[in-house]
Amino acid sequence: MKVSTKGRYGLTIMIELAKNYGEGPISLKSIATTHSLSEHYLEQLIAPLRNSGFVKSVRGAYGGYVLADEPANITAGDIIRTLEGPISPVEGLENEAPPQKELWIRIRDAVRNVLDHTTIEDLANYTEEGESDAYMFYI
309 MKVSTKGRYG
319 LTIMIELAKN
329 YGEGPISLKS
339 IATTHSLSEH
349 YLEQLIAPLR
359 NSGFVKSVRG
369 AYGGYVLADE
379 PANITAGDII
389 RTLEGPISPV
399 EGLENEAPPQ
409 KELWIRIRDA
419 VRNVLDHTTI
429 EDLANYTEEG
439 ESDAYMFYI
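Per our numbering, the very first residue in the sequence shown carries number 309; after that it's consecutive.
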């Protein structure tokens with residue numbers, strides 16, 4: 309299974325909205341500028357996310373998009389399925405020999421497990437090991 313730019317950029321949108329959850333709408337232009345992405349492409353990705361109920365649009369001069377639910381209630385799997393379709397390493401499992409079929413099912417289930425147990429909140433709060441937001445002083 310390969311996640312295309314649709315899934316990757318869709319997660320980027322959702323992570324940015326999660327980072328600003330409760331602080332008002334964010335424009336796609338600001339997300340595009342921050343991550344050096346095409347605003348036009350992000351506009352194409354936001355429609356299925358809105359139609360699936362993951363984001364809401366806010367009109368007006370200070371409008372943009374906000375998450376429709378708390379970041380802890382939206383998983384990476386939700387977003388990938390919305391933008392990429394079903395999660396499957398291969399198509400046509402019914403035509404596979406039993407050993408290969410079992411392997412593909414196990415791989416599919418492992419990927420689903422990771423995506424379905426990783427929330428947008430987890431991704432928004434991610435920091436690399438050893439990275440700290442503040443200086444630590446010892447006396």
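Note that the Cβ used here is the ideal one computed from N, Cα and C, for glycine as well.
Remember, predicted model here, so these are calculated numbers, not experimental data.
For the beta strand (DSSP E) assignment, the uninterrupted runs of no fewer than 3 residues enclosed by the segment 341-428 are, from N- to C-terminal side, 363-366 and 372-375. In the DSSP assignment, Ile-334 forms a beta bridge with Tyr-373. For Thr-320, the enclosing alpha helix (DSSP H) starts and ends at 313-327. Here Glu-351 is exposed. Its C-beta has fewer than 16 other C-beta atoms within 10 Å. Non-local beta-carbon contacts of Gly-315 in its own chain, meaning distances under 6 Å to residues more than five positions away in sequence, involve Ile-388, Leu-391 and Glu-392 in chain order.
Distance from the Cα of Glu-378 is smallest, within the candidate group Tyr-370, Ala-369 and Phe-362, for Phe-362. Ser-346 and Ser-312 have their C-alpha atoms roughly 15 Å apart. Contact check for Ser-396 against Arg-416 passes: the beta carbons are separated by less than 7 Å. Relative to the Cα of Gly-330, the nearest Cα in the group Thr-435, Glu-410 and Glu-429 belongs to Glu-429.
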